[in-house]
Structures are given as structure tokens and as C-alpha cells.
Amino acid sequence: MADVHTPEQRSFNMSRIRGKDTKPEMIVRQFLHKNGFRYRIHVKDLPGKPDIVMPKYRTVIFIHGCFWHGHEGCRYFIIPKTRTEWWTNKIMTSRRKDQENTQSLRNAGWNVVTIFECELRPLLREKSLKNLLLYLRAPSADSLDFNDHE
Ligand SMILES: [Zn+2]
1 MADVHTPEQR
11 SFNMSRIRGK
21 DTKPEMIVRQ
31 FLHKNGFRYR
41 IHVKDLPGKP
51 DIVMPKYRTV
61 IFIHGCFWHG
71 HEGCRYFIIP
81 KTRTEWWTNK
91 IMTSRRKDQE
101 NTQSLRNAGW
111 NVVTIFECEL
121 RPLLREKSLK
131 NLLLYLRAPS
141 ADSLDFNDHE
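Mapping the sequence shown onto the UniProt record's numbering, position 73 (from 1) lands on 73, and the numbers just tick up by one.
Rendered as C-alpha cells:
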């Protein structure tokens, strides 16, 4: 398939392709560690391969990029103006998978925490991590979903 992206678009897209151990994930891991929590990372035998798994707390944590995971209402989630339909399908698919994974995990008795990258940006980081700590100490029946956006 021909590469129809301009260099500008390519760098736009590439900036969203990240490997393991992305910075936002490290923020959460360091925070948990500092607070005495122990966890496993990139557990492949659980739905969606959660970024952080805390067996003792029966909790999994996903740290999602706002773009790939289609963070609704978020200013970092903007469908590109070119190949709009392709991007929309791609992101809708990843959102549907996220929902399915969350449901499977809940059915198996896991608490599911989803943190979007924008919630770890400097302005919201402290609040988000504090919420996470509160949640780990007293998980509610529902999954933890932060609704704030920077
Ligand atoms: Zn976001």
C-alpha cells in the first residue's frame, strides 16, 4: 500500500505510536512503588494486557493514550482531517475492544482502573494519583473512570 502521508502527517502519527514503558505509565508505576504498592506489568494472559496488575488488590490499571483510545471529550483526541473515516473506524474499534476487555475483567472479578494520559499531565497528575490511591484503599463496585480533562 502506498504511503500517502505527507511528512508532516507522518510525524503527527508517529508521535502517537509509543512502545512499552511510556512516560505516563512510569508516572503511575513510580507513584505506586513510592506508596508501597507492588504490582506486575504487561500481564499478557489477561484481557487487554493491562499495563499494571495488582493481584493483592484484585485491580488492573490501563494507561491509555487519548488519541488511540478515543478519549471522549478530550482535546487530545482529534480525528485527523485526512483519511477521517479510516481513523474513525480504527479508533472506534479500539474503544470497543477496551470496553470488551473491561467487561471480561470485571466478570472475572477484577477492579478495572482506566487512566488516560491527559489525566497524568502536570495540572491533573496530583489529583488523578490521589484518586487512584483512594480507590485502591477502598475500591468501589464500579470501575474507576476519571472524567476530568486538562
Ligand atoms: Zn484525554
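All residues carry an ideal CB built from backbone N, CA and C; glycine is no exception.
For Phe77, the shortest separation between its Cβ and any heavy atom of ligand 1 lies below 7 Å. For Leu136, the closest C-alpha among the options Pro80, Leu46, Arg40 and Met54 is that of Met54. Between Ser94 and His71 the beta-carbon gap is near 11 Å, outside 8 Å, which marks them as no contact.
Using a 10 angstroms sphere on the CB of Thr102, the tally of other CB atoms reaches 16 or more, which defines it as buried. Rounded to the nearest angstrom, the Cβ distance from Ile41 to Ile27 is 14 Å, too far for a contact under 8 Å. Scanning its chain for C-beta atoms nearer than 7 Å, with the 5 sequence neighbours on each side dropped, one finds around Thr88 the residues Ile79, in chain order.
Note on Leu133: under 16 other CB atoms within 10 angstroms of its CB, so exposed under the neighbour-count rule.
DSSP places Phe31 inside the alpha helix (DSSP H), whose first and last residues are Lys23 to Lys34.
Collapsing the DSSP output to three states places Thr59 in a strand.
Within 7 Å of the C-beta of Phe62 there is not a single heavy atom belonging to ligand 1. In chain order, Pro47 place their CB closer than 6 Å to the CB of Ser104, counting only its own chain and leaving out the 5 sequence neighbours on each side. In the structure shown, Ile91 adopts helical secondary structure according to DSSP, grouped into three states.
According to DSSP, Arg40 shares a beta bridge with Val53.
Rounded to whole angstroms, the separation of the alpha carbons of Asn35 and Lys130 is 11 Å. About 6 Å separates the beta carbon of Asn111 from that of Arg58, a gap short enough to meet the 8 Å contact definition.
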